[in-house]
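Trainee:
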DNA sequence: TTGAAAGCGTTACCAG
DNA sequence: CTGGTAACGCTTTCAA
């Protein structure tokens, strides 16, 4: 009759709670209750409403809810790029944890560009996310950090190791891991080492790791540390390393700031006819922060990046609920000696 | 005076367009115009409003807009996992393109689980995304595909190669690349080959590639194809491959369904004392769909996954605008012979 | 146990 | 060129 007519009229657009209410002969408020507090409603009522929802193929419009509620149950995630497996894996961890908590993830990437970082965070805030997880190019003196603190938005930095103690961060101790790994190289008899690193402007991790590298050399009384910086998108580490690898005197070992650089360096070494243990290149993929090469054994500082992502989200949830305070968490790293490292702790298949 | 008082009163919560209107002495409608159609408004008016927005640190609430407008300028992305660099890189491509178009990405992962696929798509639809990009475990006879078609939501499959022609998909020709690469192996003199593949239930690619592998063997009149299936999260390819690699007669080559499997297989081969070219393991990272091993040269079918992601979003935009029709796009692959493959076509640094 | 109604922040129509 | 105002779909008091 009239109900059926109205049903037809509203068929063109998506059904709303109003349609479900009409269909079930109950009120819109009751429908809402069935959705949000099923236990506060008689079983029979719930059944009727549920049936109506199914019949109409009703889908709650999250945006209506988000507008009304203060919490959006959405978190923003910003990484430099997903082309680096370290970040991709950490996002996987975040996403996994978010799924478990019923949170939605909005993802953005910055390409290591501070302006894009700010733009992305802006977009995220416009989306009224409940909180943010960020990996920034440089965490110190960062306008994004200032903004977030000023607006009092919960956020945690991931992989950044800010010098200020009052910002939430989860990271490995970058300087320390580089320091340890360099010492391990020295202990193996290396006397001339070079570090392969990304540009300091686009990665505070890079500089911190270089600092650790230098400290170790200095403590051992070794001469000037070499530094090879890989510029944006550059592929020819081979050329850059030529003098160091084939010069006189040649370096005896390389300490690489990241996995991807380690892989590139291995490739470059082989191009120059230098031997690198067979399993090294396989080892570079998963969660190594700092790797050393051209030594009989690969040294590396291992970090489970997926777990770091999960921890970051758990931490963020604490901040959102007000149950935790912003602070830096430095995760322990452990030194690994090559063959134990492989990328297959997780599932495979394309 | 009164304005200042109200300004103070409303300071506790975030400023809205209403606050900006009050502050600038103009109406809420004009503020909206300044934001959305700056050209339709006199420069002076725009200046005043802009100043008020800056003064109040106003941020448009996207959720209000989303509720009102039919388009949300948001796309949903679903991948099995970001722990696989192939998917991560494709998401990077999507994200990059989305940034260029001013679209927001909501990300979910399924862990190859059909139930989670459905749940994720449901969430995405509740978010009223304008369209979806999905990599499904199995695209054929998939309830998610049926749902999306029934609800008439634009979507494109990525890496899936559905048998139906009326669904939008961007993929390499899985069977064909496996066929080609297997032939290349045969041409090099291999007579006993095995395929290493993921579980068919969780990857239609896997089965399609196996089909291509079998076709090539059959065409060459070679005996029964061997198949080694890697189960969920399993690390011990080494044990599984032992009989094949060391048996009597031993296989002379392996064709791997994916990059990650290729890397695992290389590792396993080396554990069994078999030699694999030095640069192979480095080559496994980036966009190889099918890899062959234990031959003097690595064969592989190369696909630029980041570009595939970009294309997928471009395609989706066409569908959303109604300017394109759902259809399968099969991208050409090319065979590569090992040393030309490296992971550093993109930027590095953690 | 249920319903009416007041918003949440925005857009867009229609008058002025 | 500008302003008033009615939605958008939902949650949540407050009454009944």
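Protein chains in written order, with my numbering: chain W, 5 to 354; chain U, 5 to 354. Glycine included, every Cβ here is placed at the ideal spot set by N, Cα and C.
Would you give the residue range spanned by the alpha helix (DSSP H) that residue 122 (chain W) belongs to?
Mentor: Looking at the DSSP string, the run of the alpha helix (DSSP H) that includes residue 122 (chain W) is 118 to 130.
Trainee: Spell out whether any CB of chain W is found under 8 Å from the CB atom of residue 314 (chain U).
Mentor: By this cut-off, residue 314 (chain U) is not an interface position.
Trainee: Identify which residue in W:152, W:225 and W:257 has its Cα closest to the Cα of residue 185 (chain W).
Mentor: It is W:257.
Trainee: Report yes or no: is there a C-beta of chain U within less than 8 Å of the C-beta of residue 109 (chain W)?
Mentor: It does: the Cβ of residue 109 (chain W) has a partner Cβ on chain U nearer than 8 Å.
Trainee: What residue range does the alpha helix (DSSP H) around residue 95 (chain W) cover?
Mentor: Here the alpha helix (DSSP H) through residue 95 (chain W) covers 89 to 105.
Trainee: Considering Cα atoms alone, identify which of W:220, W:154, W:211 and W:125 is closest to residue 167 (chain W).
Mentor: That would be W:211, whose Cα lies nearest to the Cα of residue 167 (chain W).
Trainee: Where does residue 255 (chain W) sit, in a helix, a strand or coil, going by DSSP?
Mentor: Here residue 255 (chain W) sits in coil by DSSP.
Trainee: Would residue 297 (chain W) count as contacting chain U if we go by Cβ distances under 8 Å?
Mentor: At residue 297 (chain W), the pLDDT of 45 sits below 50, so the modelled position is not reliable; the number obtained from the coordinates is stated separately. No, residue 297 (chain W) does not count as interfacial toward chain U.
Trainee: Where residue 266 (chain U) and residue 233 (chain U) are concerned, what is the direct C-alpha to C-alpha distance, given to the nearest angstrom?
Mentor: Those two C-alpha atoms are separated by around 13 Å.
Trainee: Which runs of the alpha helix (DSSP H), 4 residues or longer, sit entirely within the segment 191 to 255 of chain W?
Mentor: Counting only runs of 4 or more, we get 208 to 223 and 241 to 250.
Trainee: Which chain W residues sit within Cβ distance under 7 Å of residue 96 (chain U)?
Mentor: By Cβ distance, chain W contributes 85, 86, 87 and 113.
Trainee: Where does the unbroken beta strand (DSSP E) through residue 266 (chain W) begin, and where does it stop?
Mentor: No beta strand (DSSP E) holds residue 266 (chain W); the alpha helix (DSSP H) holding it covers 263 to 275.
Trainee: Which one of W:251, W:229 and W:46 has the shortest CA to CA distance from residue 259 (chain W)?
Mentor: The shortest Cα separation from residue 259 (chain W) among W:251, W:229 and W:46 belongs to W:229.
Trainee: On a CA-only basis, which of W:317, W:53 and W:162 is nearest residue 36 (chain W)? Give me that one, please.
Mentor: With distances taken between Cα atoms, residue 36 (chain W) lies closest to W:53.
Trainee: Compute every distance between the C-beta of residue 150 (chain U) and the non-hydrogen atoms of the ligand FMN, then say whether any falls below 7 Å.
Mentor: Absence of the ligand FMN from the depicted structure is noted, as is the absence of any ligand whatsoever, leaving it without description.
Trainee: With distances taken Cα to Cα, identify the nearest neighbour of residue 140 (chain W) among W:253, W:248, W:193 and W:123.
Mentor: Ranking W:253, W:248, W:193 and W:123 by Cα distance to residue 140 (chain W) puts W:123 first.
Trainee: Against residue 131 (chain U), what residues of chain W qualify as contacts under a CB-to-CB distance less than 8 Å, listed in chain order?
Mentor: Those within 8 Å of residue 131 (chain U) in chain W are 66, 67 and 108.
Trainee: List the DSSP bridge partners of residue 110 (chain W).
Mentor: Note: residue 110 (chain W) sits in a beta bridge opposite W:80 and U:110.
Trainee: Inspect the beta-carbon positions of residue 231 (chain U) and residue 198 (chain U) and report whether they are closer than 8 Å.
Mentor: Yes, the pair counts as a contact, with Cβ atoms nearer than the cut-off.
Trainee: Could you give the C-beta distance for residue 158 (chain W) and residue 193 (chain W), rounded to a whole number, given that I count them as a contact under 8 Å?
Mentor: Not a contact, Cβ separation roughly 48 Å.
Trainee: Which residues in chain U sit within 8 Å of residue 307 (chain W), going by Cβ to Cβ distance?
Mentor: Near residue 307 (chain W) there are no residues of chain U at all, since even the closest Cβ is about 10 Å away, more than 8 Å.
Trainee: Determine the closest residue to residue 61 (chain W) out of U:154, U:216, U:57 and U:66, with distance taken between C-alpha atoms.
Mentor: For the residues U:154, U:216, U:57 and U:66, the minimum Cα distance to residue 61 (chain W) belongs to U:154.
Trainee: Determine, using beta-carbon pairs with one atom in the segment 83 to 93 of chain W and one in the segment 108 to 121 of chain W, whether at least three such pairs fall under 8 Å.
Mentor: With a cut-off of 8 Å, the segment 108 to 121 of chain W and the segment 83 to 93 of chain W count as touching, because enough Cβ pairs lie within range.
Trainee: What's the gap between the Cα of residue 309 (chain W) and the Cα of residue 88 (chain W)?
Mentor: One C-alpha to the other measures close to 12 Å.
Trainee: Please list, in chain order, the chain U residues whose beta carbon lies closer than 7 Å to that of residue 58 (chain W).
Mentor: Here the premise fails: no neighbours, minimum Cβ distance about 13 Å.
Trainee: According to DSSP, simplified to helix, strand and coil, what is residue 173 (chain U)?
Mentor: In this structure, residue 173 (chain U) counts as strand in the three-state DSSP scheme.
Trainee: On the three-state DSSP scale, how would you describe residue 133 (chain W)?
Mentor: Coil at residue 133 (chain W), not helix or strand.
Trainee: Relative to the C-alpha of residue 261 (chain W), which residue among W:181, W:64, W:79 and W:116 is closest?
Mentor: For residue 261 (chain W), the nearest C-alpha among the options comes from W:181.
Trainee: Just the Cα atoms here: how many angstroms apart are residue 273 (chain W) and residue 253 (chain W)?
Mentor: Going from the Cα of residue 273 (chain W) to the Cα of residue 253 (chain W) covers about 16 Å.
Trainee: List the residues of chain U that residue 127 (chain W) touches, going by C-beta distances under 7 Å, in chain order.
Mentor: Within chain U, the residues near residue 127 (chain W) are 108.
Trainee: Would you list the residues sitting across from residue 160 (chain U) in a DSSP beta bridge?
Mentor: Partner(s): U:137.
Trainee: How big is the Cα-Cα spacing for residue 214 (chain W) and residue 175 (chain W)?
Mentor: Between residue 214 (chain W) and residue 175 (chain W), the C-alpha separation is close to 16 Å.
Trainee: To the nearest whole angstrom, what separates the beta carbons of residue 143 (chain U) and residue 164 (chain U), a pair I think is in contact under 8 Å?
Mentor: With a Cβ gap of about 4 Å, residue 143 (chain U) and residue 164 (chain U) count as contacting.
Trainee: Which two residues bound the contiguous beta strand (DSSP E) that contains residue 335 (chain W)?
Mentor: From DSSP, the beta strand (DSSP E) with residue 335 (chain W) extends over 332 to 335.
Trainee: How many Å lie between residue 204 (chain U) and residue 119 (chain U) at the Cα?
Mentor: Cα to Cα, the separation comes out at about 16 Å.
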